[in-house]
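Undergrad: Can you keep this structure in mind? I'll have questions shortly.
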Amino acid sequence: MATAKKLRYSLDEDQHLATWETGPDPDYNEAAPAGFDDVIDCEYEVPADPDYDDAGQPTYDEPAPADPDYGDEPAVSWTDEAPGSPPPPAPAAGFTYALGQAVRPLTQQQAHPVVWQGYLKERHPTTGLVQRVPVYQLRDGFWDCYREDELQAA
């Protein structure tokens with residue numbers, strides 16, 4: 005096993021650490037002392053903008069006029085389906101094979117009883133929506149779960 009070479013870092017003579025000067029800064033002008041009350045009581049006026057014209061701004065005391073382009077169209081709620089949207093996934097219809105029923109996987113010659121039923125979440129190949137697919141575990145010595153299309157009734 006090769007040993008890694010350890011690196012040392014050191015400062016050369018031409019390199020040096022930065023030194024910080026302490027003391028008053030000649031460029032800093034300290035503000036004149038003022039009390040909190042002096043700062044609060046000052047009058048503040050918003051400078052007038054010569055380009056601002058509030059005549060065109062709406063007043064909020066009046067109701068907004070109705071838009072004549074929309075008329076009496078009903079508002080579309082978020083629960084309405086958009087045209088061309090994929091159909092909702094069908095609810096799981098249950099299990100085709102019962103617990104204890106002998107089934108044969110397509111990859112095996114011998115039938116085995118179903119010992120567990122469950123659902124697997126996967127995306128539908130055409131719509132992309134998540135759906136629940138029934139799966140089964142058999143007493144065949146494997147921990148794998150089989151989908152319904154991979155099993156045959158014995």
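Take 5 as the starting number for the sequence shown in my numbering and just add one per residue.
We put the CB at the ideal spot given by N, CA and C, even for glycine.
#1: What does the Cβ neighbour count give for residue 32, buried or exposed, with the cut at 16 atoms within 10 Å?
#2: Alpha carbon to alpha carbon, how far is residue 123 from residue 102?
#3: How about the stretch 124–132 and the stretch 99–113: do they share at least three Cβ pairs that are nearer than 8 Å?
#4: Report yes if the C-beta distance between residue 119 and residue 158 is below 8 Å; otherwise report no.
#5: Please confirm whether any heavy atom of the ligand FAD lies closer than 7 Å to the CB of residue 119.
#6: Compute the Euclidean distance between the alpha carbons of residue 116 and residue 152, then round it to the nearest angstrom.
#7: Tell me, which residues are paired with residue 138 by DSSP?
TA: With the structure as the only source:
#1: The residue given as residue 32 occupies position 28 in the sequence shown. Residue 32 should be labelled exposed.
#2: As a first step, residue 123 is located in the sequence shown; it is residue number 119 there, counting from the start. As a first step, residue 102 is located in the sequence shown; it is residue number 98 there, counting from the start. Distance between the alpha carbons of residue 123 and residue 102: 14 Å.
#3: no
#4: As a working note, residue 119 is residue 115 in the sequence shown. As a working note, residue 158 is residue 154 in the sequence shown. No, they are not a contact pair.
#5: For the ligand FAD, the structure offers nothing, since it holds no ligand at all.
#6: Numbered from 1 along the sequence shown, position 112 holds the residue referred to as residue 116. Numbered from 1 along the sequence shown, position 148 holds the residue referred to as residue 152. Between residue 116 and residue 152, the C-alpha separation is close to 14 Å.
#7: Here residue 138 corresponds to residue number 134 of the sequence shown, with the count starting at 1. Residue 138 is bridged to 123.
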